[in-house]
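One line per chain: the protein sequences are S, G, P and C, in this order. Per the numbering used here, residue 6 is the first one in the first sequence, and the count goes up by one each step. Per the numbering used here, residue 6 is the first one in the second sequence, and the count goes up by one each step. Per the numbering used here, residue 6 is the first one in the third sequence, and the count goes up by one each step. Per the numbering used here, residue 6 is the first one in the fourth sequence, and the count goes up by one each step. The beta-carbon is built from N, C-alpha and C at its ideal position, and this holds for glycine as well. Computed from a prediction, not measured in an experiment: that's the story for all the values here. Input: a single structure, listed below in structure tokens.
4 protein chains.
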Amino acid sequence: MERVCNVALIGQQFMGRAHSNAYLKVAKFFDVPLTPVLHTVAARDQEGVERFAQRWGWQQATTRWREIADNDAINLVDVCTPNDVHAEQSIAMLEAGKHVACEKPLADTLEHARAMKAAAAKAKGKTFVWFNYRRCPAVALAYQLVREGRIGRLYHVRASYLQSWGGPDTPLVWRFEKKRAGSGAHGDLNAHIIDLARFLTGDQITEVTGGIAETFIKERVKPGSKSGERGRSDVDDCVVFLARFKQGAVASFEATRLATGHQNANYIELNGSAGALRWNFEDMNLLWFYDNQEDARTAGWRRIMCTSGGHHPYADAWWPDAHIIGYEHGFVNMTADILRVLGGQQPLLPLPDFADAYETQRVLEAALLAAKHRSAVKMSEVK
Amino acid sequence: MERVCNVALIGQQFMGRAHSNAYLKVAKFFDVPLTPVLHTVAARDQEGVERFAQRWGWQQATTRWREIADNDAINLVDVCTPNDVHAEQSIAMLEAGKHVACEKPLADTLEHARAMKAAAAKAKGKTFVWFNYRRCPAVALAYQLVREGRIGRLYHVRASYLQSWGGPDTPLVWRFEKKRAGSGAHGDLNAHIIDLARFLTGDQITEVTGGIAETFIKERVKPGSKSGERGRSDVDDCVVFLARFKQGAVASFEATRLATGHQNANYIELNGSAGALRWNFEDMNLLWFYDNQEDARTAGWRRIMCTSGGHHPYADAWWPDAHIIGYEHGFVNMTADILRVLGGQQPLLPLPDFADAYETQRVLEAALLAAKHRSAVKMSEVK
Amino acid sequence: MERVCNVALIGQQFMGRAHSNAYLKVAKFFDVPLTPVLHTVAARDQEGVERFAQRWGWQQATTRWREIADNDAINLVDVCTPNDVHAEQSIAMLEAGKHVACEKPLADTLEHARAMKAAAAKAKGKTFVWFNYRRCPAVALAYQLVREGRIGRLYHVRASYLQSWGGPDTPLVWRFEKKRAGSGAHGDLNAHIIDLARFLTGDQITEVTGGIAETFIKERVKPGSKSGERGRSDVDDCVVFLARFKQGAVASFEATRLATGHQNANYIELNGSAGALRWNFEDMNLLWFYDNQEDARTAGWRRIMCTSGGHHPYADAWWPDAHIIGYEHGFVNMTADILRVLGGQQPLLPLPDFADAYETQRVLEAALLAAKHRSAVKMSEVK
Amino acid sequence: MERVCNVALIGQQFMGRAHSNAYLKVAKFFDVPLTPVLHTVAARDQEGVERFAQRWGWQQATTRWREIADNDAINLVDVCTPNDVHAEQSIAMLEAGKHVACEKPLADTLEHARAMKAAAAKAKGKTFVWFNYRRCPAVALAYQLVREGRIGRLYHVRASYLQSWGGPDTPLVWRFEKKRAGSGAHGDLNAHIIDLARFLTGDQITEVTGGIAETFIKERVKPGSKSGERGRSDVDDCVVFLARFKQGAVASFEATRLATGHQNANYIELNGSAGALRWNFEDMNLLWFYDNQEDARTAGWRRIMCTSGGHHPYADAWWPDAHIIGYEHGFVNMTADILRVLGGQQPLLPLPDFADAYETQRVLEAALLAAKHRSAVKMSEVK
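Next comes the structure, spelled out in structure tokens:
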């Protein structure tokens, strides 16, 4: 008999849509031990949540997210709300005995994140954080290659997440309000590349040695304002920072919404004694690998198309070689791993939980402190 | 009240899967006038078809495809079988008054294709052929730019579809048997790029001026054979040919399964007096455009990331800018257009029907004749 | 004591300049057994040739090229004139006992080429043809890899030389006049890629199976004409053709001056059972290599930067790794090999002589015949 | 009558060779008001300097560089020695009334650099510093586009110079000794990209907000040591730092000799409100430009091949379009501009003098201070 996992989703915006799609597709493409059921969706707007439920096939819709905690049928709660409510919602669900999958960054503040980590430690439910890019096949292959020693002693980590939608004409949506979002590009984008750097290297950051946080556009038009009323945009447009890893690597990170020319360039590169790796989400199916142990005559960056069933992570589930996959597939791949874990199996690659995401949040915090104090910050000082 | 389109699918292999996914997703991402219902799937293997129906949510499964014709509830029949049965199945369904969407190439032989075109002309149902690459947003944008005069007088069409899975170790699957497949790389891959060339240029081929069809690997191990028994691989591994378009352009086409290094390089380039375009499926979200009317000082190939909602075809339906889409999205986009047509609306771009695909089939035939006779073949000679 | 090679140059246009630069630089960068002396330059225009000699350091200038034959001091004659006088000048110099290095294509007509080959066979001087692209380090590495079996059984050769300077606004220079140039893009560009294909594969073409030669722009303004007087442009703007190699490979060739967007895209690709290679002059320092014997998990096109001294052909002579070289360096590298041969040493790679270039000329001829007769032409029919 | 510029060169290693080549070629390719004469070369090794003079055509060779100061015939002295003697030699030559062109970085220490700037201010001779990359045509075009407002308000500067030759097997050459080189990757590579950033933006750095300097490989084998004796490598292998520009831009810089996979990736990118630019020396003929004022539908990074005579800086001097140039051409282009200035003409683009290079040296110093003190350093504190 088919085993199911009843899912409740809180939030119905961009991430609500991406996650709904993942629940819809996962059991079609993967053999998962639990089949997800789109049980309940909760959001603030009555009409909106009903329309969303109708479209995506959620069985129930509600504007009262706390009802989910009380519903014994629900196994997994997926938190896709703005960052300022992650803690409240996640903790409530953990206390109700649910498994919780929360969007990144873990929280709006380090204090909230710490509370979430603590709640997770006490809970019987499992926690997950949607660092979806770990599940791009090229990133997963990179993870494997690092573990196989193909990079060797790591010298450099070079990570940047460049977008350009935050120009002066973009209105004051919630992502530009500090009280809702916690931060700007930093929590939205640096969170991803810090996670990727920690995940790929398996190492931890010991110091942020310098940082800059800048708000270039300080006022924006309020959304829907007919008179062009403007409000304060008080989150960072960009945060860049430098860091050291415990085993010695030197790292740089940059997140920005004003990198004209780049729409979604989530980039990471590792350079080591035995080899090097680089990946850019805009060509997400490709991993570039440089094998430094190859004969110098024929050594070169290799363009690895990570779509080959039987050879590349998650590729069996999808299409023939080089019939490329896209953004949404990272979520489906991650959902498959979550369902494996909830069904008692191993994920293909480690999944980030609240404790893990808390470490990423500490690095976010350290970068802001370094920018604020214009000096280095040791991670041991960030609690 | 919601209007539905009951769909029947014949075939449950690669294309059956791609199409099922499209029916599953289309009404989630697009506002379509008809909602597709996964009504019936038919395939030869009882157990297989039931498992497939269960996984994908088809309401009924059958091993007798002819039953579909008799079921008045079914509106659209989707033919995803090997090429040698396209004609029989499509014609039966057209005669039963169904709309038919058939996989490409239209048929295994020109004779079959001609019969299908004739049946379509008499039928009240509409016909569609799954030339899915027309619906990649970058291709759709290319189509628009050509029509806006951004290419000008066309000099060159350069099209190739390079794969490499057909090496000597690949077993003798149906795609290598002439009686099942009709042809090899030619019908499988050249069909796509001939369609793209005809679609983008809006012009017709008047002559194939030379061609080569080659079977490099003449024997292959039979699938499942324990003793390594070998059989004859009698389709082309590659077909290359040259052609002229009515308005004067010079064109080359190449399809091969032995282009070591390329997995799915479906490529087309147009060079004209006012500009040039090129596209490669392996970077399907990108269109490269060269504006020849730009100042020579700053002119250059532009890398257009065709993912911007409000600006690029089909992009509104999907994710934020540069959150890239993949292979399967071409099918979803095409399904949206099919449902628009069946619901009385306009497709975003012209859809290929049997009459249109028959013209592509004629070019396929002309190329084989040119290769066989080692001389030019005028299209007027190919009936 | 230093041994010298007295050089005479006929022609002072584009190639005269490129060759003068090569003679100037070669002994600075290479240890060559003979030092070239810029002895005499000959050209039709008295004032022009004197100015050229002055600028480049040629010791003597003359408008009477035949005087070179009579000058016993001159060892090597370098023919850089339009194609229609290659035969007359080269044969005269061979008969005078000189070594001759002639620009490509060998001649304007096959008849002339045949006479040149015959003269070379009887002469005591050595002959060379300036197929300079063989000496790009990336091409030279490709040559070595093919010989080491890294490509295996060859399936495909895909060669094109795409330029775009031949639009309707380009005036009627000698390159557009058949009586001067012999052909258009064909002799100018296809000559290069036919040579590259023959050189890299080590195989010979046995049949041209189809071809198209097209003159899109049939009239052009005469250079210097104040009244805009127009004359007939009677050479091909493009020639594309298909061919078979003796050992079975299927090949395509394309040369055009109307490939909008490409300025100098001299491209060749080989796909074989063991690997694949591709090279584009616009990134001339790079060779892309795909090793098909690598583990499928990490196989990919390798970007080999062919600039590493001690590892890559000709790289010792130049700059540190990835301090890239350009167009002119192919000529310098070739001049080094010519001087090695004249000094009794081995060239790094085989140099094309008149007999070799005659084979390329036969393929050029076969392609034109195939285009003219709209049918295949066996090479054995082209004498 | 021809006007000449008698040049003396001090140093005969890598840069001595690159500069000799420039003097040899410049008057062949450019119409310069002064023709350079290779008058005297000085270096420490008697036999070496004589061989060098012989090969490159220097009229005289000496081991006593001070003699140059006493030779009235010499106009321009070119200093290509290790960084620790730049000051002594340059100041001596300025005091002797010579024009001086010094290799970069200006000096080994800020104190030396300051003395050089002061000497230049008092001297009647002109000074130049060999920041050769300014003269790559693509960089020069970038400079022009910035000035034309095509970038608009500048948000980001992203500069890195990635090499990989500094692995543990590389012996202890002078570049790894602090007393000779002053610094490692920092002075060698960051000097270039700081200069490029200052040159392109026309803005000045006001603060270095954080930095890391790291020596990963602390011991190396002494060159020529048979017993494998090791010595201390006491320069940085990498220096990364963050900075702010006066007009608000946020910048990052990275120089390293351990970026496995990159041989000479000198990279700079600017993102502004109106557009963006990026350039990588490994494709030095290309400038990538993103016009943010273009219609979003067809906007994209443009690959501008900066080789078109009549349109691109310095391109007239060289070969036809896309017949690419290489590393050495930056030096030739710069030599042309130096000769223009010495001959009373304008350079095509501004040339860096000692005062200008001193500003770059101050930034180098600030970065080291920031790394040492683990805190931000205002440029006003670096004198």
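Rounded Cβ spacing between residue i and residue j (contact assumed at less than 8 Å)
i                     : j                     : result
residue 348 (chain G) : residue 38 (chain G)  : 3 Å
residue 89 (chain G)  : residue 184 (chain G) : 7 Å
residue 316 (chain S) : residue 301 (chain P) : 5 Å
residue 214 (chain G) : residue 381 (chain G) : 5 Å
residue 106 (chain P) : residue 133 (chain P) : 4 Å
residue 205 (chain G) : residue 275 (chain G) : 6 Å
Reference residue i, options the options, closest by Cα
i                     : options                    : result
residue 309 (chain S) : S:220, S:165, S:150, S:105 : S:150
residue 207 (chain G) : G:154, G:185, G:110, G:128 : G:154
residue 141 (chain S) : S:59, S:253, S:187, S:288  : S:288
residue 387 (chain C) : C:114, C:271, C:94         : C:114
residue 263 (chain C) : S:359, S:256, S:261        : S:256
residue 334 (chain S) : S:145, S:277, S:240, S:160 : S:145
residue 243 (chain S) : S:189, S:33, S:164         : S:189
residue 299 (chain C) : C:274, C:280, C:198, C:293 : C:280
residue 73 (chain P)  : P:314, P:162, P:282, P:12  : P:12
residue 44 (chain P)  : P:27, P:62, P:34, P:246    : P:62
residue 284 (chain C) : C:175, C:64, C:355, C:164  : C:164
Contacting residues, own chain, Cβ-Cβ under 6 Å from residue i (five flanking each side not counted)
i                     : result
residue 376 (chain G) : 216, 217, 218
residue 117 (chain S) : 92
residue 236 (chain C) : 177, 227
residue 339 (chain C) : 137, 140
residue 360 (chain G) : 122
Nonlocal neighbours in the same chain, by C-beta distance under 8 Å from residue i, ignoring five residues either side
i                     : result
residue 234 (chain C) : 226, 227
residue 53 (chain S)  : 17
residue 186 (chain P) : 87, 88, 89, 113, 179, 180, 192, 193, 240
residue 209 (chain S) : 203, 250, 251, 364, 384
residue 220 (chain C) : 189, 238, 239, 240, 241, 242
| task | Mind checking the segment 151-177 of chain G against chain S and listing, in chain order, the residues whose C-beta falls within less than 9 Å of any C-beta there? | result | Taking 9 Å as the Cβ-Cβ cut-off against chain S, the residues of the segment 151-177 of chain G that qualify are 168, 169, 170.
| request: Could you run through the segment 352-380 of chain G and flag, in chain order, every residue whose CB is less than 9 Å away from some CB of chain P? | output: Per Cβ criterion, the list reads 375, 376, 378, 379, 380.
| task | Return the residues of the segment 289-303 of chain C that lie within a Cβ-Cβ distance of less than 7 Å from chain G, sorted by chain order. | result | Correct list: 294, 301, 302, 303.
| message | Against chain S, which members of the segment 315-334 of chain G pass a CB distance test of less than 9 Å? | response | Those would be 323, 324, 325, 326, 327, 328, 329, 330, 331, 332, 333, 334, in chain order.
| field | Complete runs of the alpha helix (DSSP H) confined to the segment 302-367 of chain G [at least 4 residues] | value | DSSP runs (the alpha helix (DSSP H)) wholly in the segment 302-367 of chain G: 332-347.
| According to a CB-to-CB cut-off of less than 9 Å, which residues of the segment 22-55 of chain C neighbour chain P? | Listed by position along the chain: 22, 23, 25, 26, 29, 30, 32, 33, 34.
| request: Please go through the segment 196-233 of chain S and give each complete alpha helix (DSSP H) segment of 4 or more residues, from N-terminal end onward. | output: For the segment 196-233 of chain S, the continuous alpha helix (DSSP H) assignments of 4+ residues that do not extend past its boundaries occur at 196-206, in sequence order.
| request: With a floor of 3 residues, list each beta strand (DSSP E) that falls wholly inside the segment 21-102 of chain S, ordered by position along the chain. | output: Listed in chain order, the complete beta strand (DSSP E) runs (minimum 3 residues) inside the segment 21-102 of chain S are 40-47, 65-67, 81-84.
| said: Under 8 Å, CB to CB, which of the residues in the segment 184-195 of chain G have a partner in chain C? | reply: Cβ contacts with chain C: none found.
| query | Taking Cβ-Cβ distances below 9 Å as the criterion, which residues of the segment 259-274 of chain G are in contact with chain S? | reply | Of all residues in the segment 259-274 of chain G, only 267, 268, 269, 270 place a beta-carbon less than 9 Å from a beta-carbon of chain S.
| message | Residues of the segment 106-127 of chain C in Cβ contact with chain P at a cutoff of 9 Å, in chain order, please. | response | Within the segment 106-127 of chain C, contact with chain P at the beta-carbon level (separation under 9 Å) is assigned to no residue.
| Listed in chain order, which residues of the segment 221-239 of chain S have Cβ atoms closer than 8 Å to some Cβ of chain C? | Taking 8 Å as the Cβ-Cβ cut-off against chain C, the residues of the segment 221-239 of chain S that qualify are 221.
| field | Length at least 3, wholly inside the segment 117-204 of chain G: the beta strand (DSSP E) runs in chain order | value | DSSP runs (the beta strand (DSSP E)) wholly in the segment 117-204 of chain G: 132-134, 159-167.
| query | What residues in the segment 55-75 of chain G have a beta carbon less than 7 Å from any beta carbon of chain S? | reply | Residues of the segment 55-75 of chain G with a C-beta less than 7 Å from any C-beta of chain S: 60, 61, listed in chain order.
| request: Note down, one range per segment and in chain order, each beta strand (DSSP E) of at least 3 residues found wholly within the segment 229-272 of chain G. | output: Considered as a whole, the segment 229-272 of chain G harbours 235-237, 243-250, 255-261 as its complete beta strand (DSSP E) runs of no fewer than 3 residues, in chain order.
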